[in-house]
Structures are given as structure tokens and as C-alpha cells.
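K.L.:
Residue 140 is where the sequence shown starts when you use our numbering, and the numbers rise one by one after that. This is the structure I have questions about; it appears just below.
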Amino acid sequence: MTTLTGDPEVRLGAFDEWMGAWSPSTPRDPGELTAWQLDRAWRQAETFGQGNPFYRDRLRPPPQRDAEAYRALGVTTKQDVVEDCADHPPYGSRTVVDTADIRMVVHTSGTSGQGMAVYALDSADLEAIVRTEAVGFLWAGIREGTGVLLTLPIGMTAAGLWYSSALRAIGANVFSVGPYPTERKVELLRQFQPEVVVGTPTYLQRLAVACEDAGLPPETSSVKTLIVAGQAFSLPWALAIETRWGATLYEQYGCTERAIAWTCPGGVVKGDSLGALHFPAESGYYEVIDPDSSEPVGHGEIGELVITPFGADASPLIRYATGDRVRWMAPGACPCGRPLAGIAAGEVERYDDMMKIRGVNVWPASFDRAVFAVETVSDYRGRVWVDDDGNERVEIRAEGEGDHDALAEAVSASVHRVAGLRVEVKIEPAGTLAREVPEGFVKIKRFQVETLR
Ligand SMILES: [Zn+2]
Numbered sequence: 140m141t142t143l144t145g146d147p148e149v150r151l152g153a154f155d156e157w158m159g160a161w162s163p164s165t166p167r168d169p170g171e172l173t174a175w176q177l178d179r180a181w182r183q184a185e186t187f188g189q190g191n192p193f194y195r196d197r198l199r200p201p202p203q204r205d206a207e208a209y210r211a212l213g214v215t216t217k218q219d220v221v222e223d224c225a226d227h228p229p230y231g232s233r234t235v236v237d238t239a240d241i242r243m244v245v246h247t248s249g250t251s252g253q254g255m256a257v258y259a260l261d262s263a264d265l266e267a268i269v270r271t272e273a274v275g276f277l278w279a280g281i282r283e284g285t286g287v288l289l290t291l292p293i294g295m296t297a298a299g300l301w302y303s304s305a306l307r308a309i310g311a312n313v314f315s316v317g318p319y320p321t322e323r324k325v326e327l328l329r330q331f332q333p334e335v336v337v338g339t340p341t342y343l344q345r346l347a348v349a350c351e352d353a354g355l356p357p358e359t360s361s362v363k364t365l366i367v368a369g370q371a372f373s374l375p376w377a378l379a380i381e382t383r384w385g386a387t388l389y390e391q392y393g394c395t396e397r398a399i400a401w402t403c404p405g406g407v408v409k410g411d412s413l414g415a416l417h418f419p420a421e422s423g424y425y426e427v428i429d430p431d432s433s434e435p436v437g438h439g440e441i442g443e444l445v446i447t448p449f450g451a452d453a454s455p456l457i458r459y460a461t462g463d464r465v466r467w468m469a470p471g472a473c474p475c476g477r478p479l480a481g482i483a484a485g486e487v488e489r490y491d492d493m494m495k496i497r498g499v500n501v502w503p504a505s506f507d508r509a510v511f512a513v514e515t516v517s518d519y520r521g522r523v524w525v526d527d528d529g530n531e532r533v534e535i536r537a538e539g540e541g542d543h544d545a546l547a548e549a550v551s552a553s554v555h556r557v558a559g560l561r562v563e564v565k566i567e568p569a570g571t572l573a574r575e576v577p578e579g580f581v582k583i584k585r586f587q588v589e590t591l592r
């Protein structure tokens, strides 16, 4: 006889909705919580500095234990992890867990061109990430029996696997439609009547158009909650998609390296602004630093997100620099009043995504702000290229309702005002851009830079 000791289902236990926490001993005061998180991060740094082959030579924890000394430990980069995985395949020297204890393996998509980083999870790590992801689904009102249309494909990338595990741990009814064509997804939406749809912002627009094409106007569908991840958006975009679906919008920020943040109850639109994405209390020690000075930024300021994840012991990380450009929100700054720090919703960008157009540094988000500020414009695509005469040209294809000439003029004026650039604008009939969206969880860049130099 063989007794198998594989993984039991993750049991979630009692949930503290205010703190986004699972343990009653987790501090509730913001100052005490930060100190508790920092202390836990230090203990990890000490453990890995002594025993982990990857960190043994990198970490020299000093005797003092404050935030400044912690910053002085330096960062781990994507390049470090990718090289470690390449030098010690397949998991890297950081991963010291016995293969018999691995319960999940995820890797980064490799779309950055840097190669893939691989992460193994043991059962404790799996429980930790499921609890972290469950926080946001619970905040979005998902409970036992809630129908969820999960449009992310489930492969070896983290998002689909972790969402699916967390939703099933809650007891939601998951309709995992990721691999199917959009038309089939609409049929399944009609058949199973889910209350929640999870996908990228652009894919939710694609699905809305497909619903309309199939004679199922999204606002008349069963869907009451939308959860998006993977792409920046603006307040006008959020309001428009909520109206289109007749639903409340929530957002998740997440990366494979376990920096995770979620919209709090009530949705992402808080009055006349987008609220915060909060870091669940027990998920890690989060820092937002100025990438030049490495000093922490103040509330409302922009910097790079750095994460020391908790409950990631099989493939540990200390101060992983995400490359994500975020706006820091201090504890209590979100209109909900939660004592949890976070980042501004809708605004996460990659530092890699900065464009240089006619010698000017431009962030894709400034185009988002400019274009979506024009009423009725629901989506756009931008292209930068060099014409035969050597001129750098910027073209925006936007879609919206109303007179095309007037819309084009309004978009052009708005981009000039916000980004300081003259652009050519072409207005497309509604639904054109959505129909061009490929299937699946593709992190679509609205802007393509074809300039080669
Ligand atoms: Zn909040």
C-alpha cells in the first residue's frame, strides 16, 4: 500500500475584511504593521543570508534593524533571477526545496526579452499566495457559489493559476474559459450567467463588443462585477466600462515575484478619483523608492515598487526591484480609510515602457490621460514611426461616438495639451479596435514605437 501525502485544498479560515488579513495577531495600527512587516523581512534576510546559496554571498545584514539599513541591502533584479535560473537550471540556486515538496511551478512570460524567471512553491507558499489573492476577490464580493468567468488562459504563468486557486479556495464557481475563442466565451457567459468577469481592460472591451454582436448587450447580462489587471487605465475609461457593462470595476496589480495589491470594497472608482490598490497585510514588505537615489518616495509620489514577499520560502526573494512605476499611497490615504499602504489604481506602468518621441520622454499613461479625457472616446491605439523623409510621426487611431472630424480635433488638442506633442488622429467606427484584440491574456500595449535607432 502507498499512502500519498500530496496537497490538501488550501483552507482559508477566518477573514479580517478591514485588514485584508487572516491572522488575528497581525497588527492593526499602521505604524505597528509596518514595523511587524519590516521585522519579518529582516528575519528572512538573515535566514537566507546564512543558508541560501544565491543570497549567502549577497547579503551581509548589519547589526541595526531599521528601514534605512534594510534599503542598504541592495535589490535583486529580474536579470539576477533569470541568470541564476540559466546557470542552475531549471529553478536557480535560490530554490532549495526538495522536488517532492514542490506544489506549483510558475514562470514569467518572457515577453520582456530578458528570458524567463522560474519560481517553485511549496505547500506553505501556495497557501500564502492563495490567501493573498483571495483578499481581493473577497473585497470584490465573491463568496461561495459566486459565478466567475475567468478569461485568463491557465498555463505556467502565475496570474491564471493563482486566480483560479484562490477563487476555488473561496468556493466560487469558476468558468475557466481562457482557451476558448471570444464567441464561445459569450455563449458560456449566456449559459452560466456569471456575476463576475476577470480579464485585462482591453479584453473586457473585446468581450463587450462580442456580446453586442451576439445580441447580448453587456449591460443586460448577468455580470455585475468586473476585475481587471495588467494594463493602465484612467477614470473616464473606468466610468465608461462600468456603464457599458452595468457593473462595478475592481483592479488587481500583481507580479510573479509576489507583489500583489487589490481594490478595496466598493470598487476602483472612489468619488471623482481612482482609489488605492492595497497591499494585503501579511503578503510582504513593500517599498516604493526613487530609482536614482534609492530613497523612499513620499505619499502621492512616483517611484519603483520593491517587494520582499512573505511565504515565498521555496524560491525566496529579498528586495526584488519590480521595474514597475507606481504612485505610493500612504496608509489611510484611500477614501476607504484602511490602515494599509498601497499604490494608485489604474496607473501602474513599466519603467521599460517610457517612449522617446522627438527627443521628449513620454509615458504611455499621459496618452491614456489625454485621449480618454475626450468624451465618448472608448479606446485608441498609437503608433510612432519614421516616414520616408526621415520625419518622426505619431498617429493615434481612436474610436468614439459622434462627428469624426470634431472628435479627431478634440483628441489632437488634448494630446497637445497633456503631452506637448502634435499627433495625427484617425477616428474609427466603434468596435473596430476591440475586434483587433487577440484572444487570451495578452498585455496589450496601446502604443507601438516603430522608431529604430
Ligand atoms: Zn481603499
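Yeah, the Cβ is synthetic: ideal placement off N, Cα and C, and Gly gets one too.
Among the candidates Ala547, Ala537, Pro474, whose CA atom is the shortest distance from the CA of Gly410?
P.N.:
Per the Cα distances, Pro474.
K.L.:
How about Arg477: is its Cβ closer than 7 Å to a heavy atom in ligand 1?
P.N.:
Yes.
K.L.:
List the DSSP bridge partners of Gly423.
P.N.:
Gly423 pairs with Pro448.
K.L.:
Does the region 505-525 come into contact with the region 562-582, if we say contact requires no fewer than three beta-carbon pairs (one atom in each stretch) closer than 8 Å?
P.N.:
Yes: the two stretches touch, three or more of their Cβ pairs being nearer than 8 Å.
K.L.:
Counting only runs of 4+ residues fully inside the region 365-414, write out the alpha helix (DSSP H) ranges in chain order.
P.N.:
You should have 374-384.
K.L.:
Going by beta-carbon coordinates alone, are Phe331 and Gly286 separated by less than 8 Å?
P.N.:
Taking 8 Å as the Cβ cut-off, Phe331 and Gly286 qualify as a contacting pair.
K.L.:
Once DSSP output is grouped into helix, strand and coil, what is the label at Gly521?
P.N.:
Correct three-state label for Gly521: strand.
K.L.:
Could you have a look at Lys565 and say whether DSSP puts it in helix, strand or coil?
P.N.:
Three-state result, Lys565: strand.
K.L.:
Would you list the one or two residues that DSSP bridges to Ala601?
P.N.:
As shown, the chain starts at 140 and ends at 592. That puts residue 601 outside it, with no answer to give.
K.L.:
Which same chain residues, not among the five before or five after Cys394, have their C-beta less than 6 Å away from its C-beta?
P.N.:
Counting only Cβ-Cβ distances below 6 Å, and skipping sequence neighbours, we find Thr461.
K.L.:
Is any heavy atom in ligand 1 found nearer than 7 Å to the beta carbon of Ala483?
P.N.:
For ligand 1, not one heavy atom lies less than 7 Å from the Cβ of Ala483.
K.L.:
Please specify which runs of the beta strand (DSSP E), each continuous and at least 3 residues long, are wholly inside the region 506-558, giving them in chain order.
P.N.:
Segments of the beta strand (DSSP E) lying fully in the region 506-558: 516-525, 531-539.
K.L.:
Does Ile309 come out as helix, strand or coil in the three-state DSSP assignment?
P.N.:
Helix, per DSSP.
K.L.:
Who are the near neighbours of Ala184 in its chain, counting only those whose CB is closer than 7 Å to its CB and skipping five residues on each side?
P.N.:
Taken in chain order, the residues that qualify are Leu198, Pro200, Leu212, Ile457.
K.L.:
Is Asp196 helix, strand or coil when you go by DSSP?
P.N.:
Coil at Asp196, not helix or strand.
K.L.:
Mapping DSSP to helix, strand and coil, what is Gly462?
P.N.:
Three-state result, Gly462: strand.
K.L.:
Would you say Trp401 and Trp278 are within 8 Å of each other, going by their C-beta atoms?
P.N.:
Yes, these two residues count as a Cβ contact at 8 Å.
K.L.:
Return helix, strand or coil for Thr247, following the three-state DSSP convention.
P.N.:
DSSP places Thr247 in coil when its eight states are reduced to three.
K.L.:
Tell me, which residues are paired with Pro470 by DSSP?
P.N.:
DSSP lists no partner for Pro470.
K.L.:
Using the beta-carbon count (16 or more within 10 Å), is Gln218 buried or exposed?
P.N.:
With fewer than 16 other Cβ atoms within 10 Å, it is exposed.
K.L.:
Reducing DSSP to helix, strand and coil, say where Arg489 ends up.
P.N.:
Of the three classes helix, strand and coil, the one that applies to Arg489 here is strand, per DSSP.
K.L.:
So is the beta-carbon of Ala415 under 7 Å away from any non-hydrogen atom of ligand 1?
P.N.:
Because some heavy atom of ligand 1 lies under 7 Å away, the Cβ of Ala415 counts as near it: yes.
K.L.:
For Gly231, count neighbouring Cβ atoms within 10 angstroms of its own Cβ and tell me buried if that reaches 16, exposed if not.
P.N.:
That one is buried.
K.L.:
Any heavy atom of ligand 1 closer than 7 Å to the beta-carbon of Cys403?
P.N.:
Answer for Cys403: yes, Cβ within range of ligand 1.
K.L.:
Compare the beta carbon distance of Leu600 and Glu396 with 8 Å and say whether it is the shorter of the two.
P.N.:
One cannot answer for residue 600 here, as it falls past the ends of the chain, which runs 140 to 592.
K.L.:
Any contact between the region 404-420 and the region 533-548? By contact I mean 3 or more CB pairs, one from each, below 8 Å.
P.N.:
In short, these stretches do not touch, since the Cβ pair count stays below three.
K.L.:
Using 8 Å as the cut-off, can you tell me whether the region 467-483 makes contact with the region 436-451, which would need three or more C-beta pairs spanning the two stretches below that distance?
P.N.:
Enough Cβ pairs lie closer than 8 Å, so yes.
K.L.:
Confirm, please, whether the CB-CB distance from Val269 to Ser315 is below 8 Å.
P.N.:
Taking 8 Å as the Cβ cut-off, Ser315 and Val269 do not qualify as a contacting pair.
K.L.:
Give the DSSP-derived three-state secondary structure of Asp261 in the structure shown.
P.N.:
Asp261 falls in the coil class under three-state DSSP.
K.L.:
Starting from Leu560, follow the beta strand (DSSP E) in both directions and report where the run begins and ends.
P.N.:
Element bounds for Leu560: n/a, residue is neither H nor E.
K.L.:
Here's the rule: buried if 16 or more other CB atoms are within 10 angstroms of the residue's CB, otherwise exposed. What is Gly437?
P.N.:
Counting Cβ neighbours within 10 Å, Gly437 comes out exposed, since fewer than 16 surround it.
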